[in-house]
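This report refers to the structure that appears directly beneath it.
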Amino acid sequence: MNLHEYQGKEILNSFGVRIQRGIVAQNAHEAVAAAKQLTAETGTGWHVIKAQVHAGGRGKGGGVKLAKNLQEVEEIAGQIIGMNLITPQTSAEGKKVHQVLVAEDVYYPGANEPDEYYMSVLLNRTTGRNMIMYSTEGGMDIETVAEETPHLIFTEEIDPSVGLLPFQARRVAFNLGLSGVAFKEMTKFVMALYTAYDKSDASLFEINPVLKTSDDKIMAVDAKVTIDDNALYRHKNYVDMRDIREENPVEVEANELGLNYVDLDGNVGCMVNGAGLAMATMDLIKQAGGEPANFLDVGGTADAKRVEEAFRIILKDDNVKAILINIFGGIVRCDRVAQGVVDAYKNMGDAIKIPIIVRLQGTNADIAKELIDNSGLDVQSAVQFQEAADKVQAVLA
Ligand code: GDP
Ligand code: MN
132 MNLHEYQGKE
142 ILNSFGVRIQ
152 RGIVAQNAHE
162 AVAAAKQLTA
172 ETGTGWHVIK
182 AQVHAGGRGK
192 GGGVKLAKNL
202 QEVEEIAGQI
212 IGMNLITPQT
222 SAEGKKVHQV
232 LVAEDVYYPG
242 ANEPDEYYMS
252 VLLNRTTGRN
262 MIMYSTEGGM
272 DIETVAEETP
282 HLIFTEEIDP
292 SVGLLPFQAR
302 RVAFNLGLSG
312 VAFKEMTKFV
322 MALYTAYDKS
332 DASLFEINPV
342 LKTSDDKIMA
352 VDAKVTIDDN
362 ALYRHKNYVD
372 MRDIREENPV
382 EVEANELGLN
392 YVDLDGNVGC
402 MVNGAGLAMA
412 TMDLIKQAGG
422 EPANFLDVGG
432 TADAKRVEEA
442 FRIILKDDNV
452 KAILINIFGG
462 IVRCDRVAQG
472 VVDAYKNMGD
482 AIKIPIIVRL
492 QGTNADIAKE
502 LIDNSGLDVQ
512 SAVQFQEAAD
522 KVQAVLA
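This note's numbering runs 131 ahead of the 1-based position in the sequence shown.
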């Protein structure tokens with residue numbers, strides 16, 4: 132589950148990580164009230180207005196702007212809320228902005244270059260350990276830094292049996308070139324950031340930039356946070372943070388039906404039982420020269436109701452020109468699945484206007500094939516995996 136910047140900062144704050152203070156607002160009026168409250172609490176006169184969408188690079192797209200008085204707060208918030216924000220990380224259509232974070236301005240005027248760093252905590256899947264990745268090149272796209280100046284990116288791996296040790300946090304501060312108060316502040320920041328990542332069951336905390344203020348405080352100016360969905364049951368207070376407006380609507384609907392569905396760009400819809408088989412099916416479609424339109428694991432019960440739900444989800448994508456159903460019948464017998472496909476197809480009236488290729492392997496596969504072949508519907512059966520993929524290519528050609 133991805134979070135908004137303001138939610139990520141709330142979590143950071145709850146673990147004692149210093150953050151740029153801010154208040155979320157749904158409209159220009161609320162933004163002004165938020166700015167007044169921040170001025171009362173922090174003494175700041177200037178505010179930054181930041182679009183809250185699940186995408187980075189907002190600054191570049193005009194979604195982060197400085198307001199020097201309340202009138203500007205109102206104007207800028209009014210502009211940003213409701214806008215379609217296009218950034219290097221959104222699709223070409225962009226993302227609609229529903230709310231903004233009104234934050235205290237923490238950059239000091241007059242400094243040539245603010246001291247910004249990059250820091251993230253994530254899982255290194257190669258070593259199976261958490262790691263802190265950090266760089267002196269903050270505020271920039273980390274992919275660009277990795278490409279152009281890879282020697283400016285450092286990592287610190289964490290041994291899971293002992294956790295992050297203080298000497299490691301000191302090494303981070305040292306490599307970032309800090310000394311004195313800023314060095315101590317950075318050490319505390321790193322320790323607290325790692326605790327936040329660990330205790331919230333996150334799979335990513337990316338803080339870009341981390342800022343060193345004029346009085347040597349270290350704080351998080353941005354926060355990109357992903358919480359592991361499988362651990363959400365341990366964090367009831369995070370569940371409400373889900374903002375489904377930011378998610379793919381078809382994926383949300385599929386999720387509610389208990390279907391494991393991921394929308395992709397191709398034109399071959401896939402309906403498969405089992406995640407591994409679904410991956411293999413997508414590979415095969417690609418090898419045969421096609422492009423999968425989705426990943427879809429219908430799970431263990433491929434009965435008529437389930438197949439129908441899956442059909443409806445797949446058909447919401449206008450790009451789909453053919454559907455490949457690839458089912459391995461182990462405990463669920465193939466003939467039952469085949470009957471499910473035929474029943475679902477008939478139930479849907481004339482909603483299905485594209486060819487369907489069904490490959491059923493396993494228990495009672497022969498009876499299943501007969502059922503499909505004698506159904507009189509525009510459904511083709513296949514026995515071999517390759518045969519199925521070739522049939523898909525043939526109907527698309
Ligand atoms: P992103 O573009 O989506 O990564 O959004 P960020 O939260 O990182 O903000 C983008 C940029 O806005 C930062 O790199 C800063 O340069 C700038 N920015 C953020 N907060 C402030 C602030 O308090 N004052 C000023 N002047 N600039 C800020
Ligand atoms: Mn950022």
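Cβ atoms here follow ideal geometry from the backbone N, Cα and C, with glycine treated the same way.
- At least one heavy atom of ligand 2 lies closer than 7 angstroms to the C-beta of Gly-187.
- Burial check for Tyr-248: the Cβ neighbour count within 10 Å reaches 16 or more, so the residue is buried.
- When the beta-carbon positions are compared, Ala-435 and Cys-465 stay at least 8 angstroms from each other.
- It is roughly 20 angstroms from the alpha-carbon of Val-252 to the alpha-carbon of Leu-309.
- The shortest CA-to-CA distance from Ile-358 to any of Gly-188, Asp-371, Val-468 is the one to Asp-371.
- DSSP places His-366 outside both helix and strand once states are collapsed to three, so it counts as coil.
- Under the criterion of beta carbons closer than 8 angstroms, Ala-156 and Val-237 do not qualify as touching, at roughly 18 angstroms.
- C-alpha of Glu-288 to C-alpha of Phe-146: approximately 21 angstroms in a straight line.
- Annotation for Val-155: the continuous beta strand (DSSP E) segment containing it runs 153 to 156.
- If you ignore the 5 residues before and after Ile-284, its C-beta comes within less than 7 angstroms of the C-beta of Met-264, Ser-266, Val-276, Ala-277, all in its own chain and listed in chain order.
- Lys-199: not part of any alpha helix (DSSP H); DSSP gives it neither H nor E.
- In terms of side-chain proximity, the C-beta atom of Asn-391 is found no nearer than 7 angstroms to any non-hydrogen atom of ligand 2.
- For Gln-524, the three-state secondary structure derived from DSSP is helix.
- Cα atoms of Asn-361 and Leu-201: separation of roughly 43 angstroms, rounded to the nearest angstrom.
- Within the same chain, Val-356, Met-372 come within 6 angstroms of Leu-134 by CB-CB distance, once the 5 residues on both sides are set aside.
- DSSP, read as helix, strand or coil, puts His-135 in coil.
- The chain-ordered list of residues whose CB is nearer than 5 angstroms to some heavy atom of ligand 2 reads Asn-339, Asp-353.
- One thing to note: Ala-223 has its Cβ no nearer than 8 angstroms to the Cβ of Lys-181.
- Asn-404 counts as buried, since no fewer than 16 other beta carbons sit within 10 angstroms of its beta carbon.
- Contact check between the stretch 252 to 261 and the stretch 326 to 345: three or more CB pairs, one atom from each, fall below 8 angstroms, which counts as touching.
- Straight-line spacing of the CA atoms in Thr-173 and Thr-318 works out to 24 angstroms.
- Closer than 7 angstroms to some heavy atom of ligand 1: that describes the Cβ of Gly-270.
- Taking one beta carbon from each stretch, the stretch 508 to 526 and the stretch 408 to 425 have 3 or more pairs nearer than 8 angstroms; the two touch.
- The residue among Pro-291, Leu-296, Lys-330, Phe-516 with its C-alpha nearest the C-alpha of Tyr-369 is Lys-330.
- Between the stretch 165 to 172 and the stretch 336 to 355, the count of C-beta pairs closer than 8 angstroms stays below three; the two stretches do not touch.
- With contacts defined as CB atoms closer than 8 angstroms, Leu-143 and Ala-351 qualify as a contacting pair.
- The Cβ atoms of Lys-226 and Ala-186 lie closer than 8 angstroms to each other.
- The three-state secondary structure of Gly-493, taken from DSSP, is strand.
- The alpha carbon of Ile-462 has as its nearest neighbour, out of Ala-323, His-282, Asn-261, Thr-494, the alpha carbon of Thr-494.
- In this structure, the alpha-carbon of Phe-426 lies about 11 angstroms from that of Asp-414.
- In the pairwise beta carbon analysis, the stretch 442 to 458 is classified as touching the stretch 390 to 404: at least three pairs are separated by under 8 angstroms.
- The beta carbon of Tyr-328 sits no closer than 7 angstroms to any heavy atom of ligand 1.
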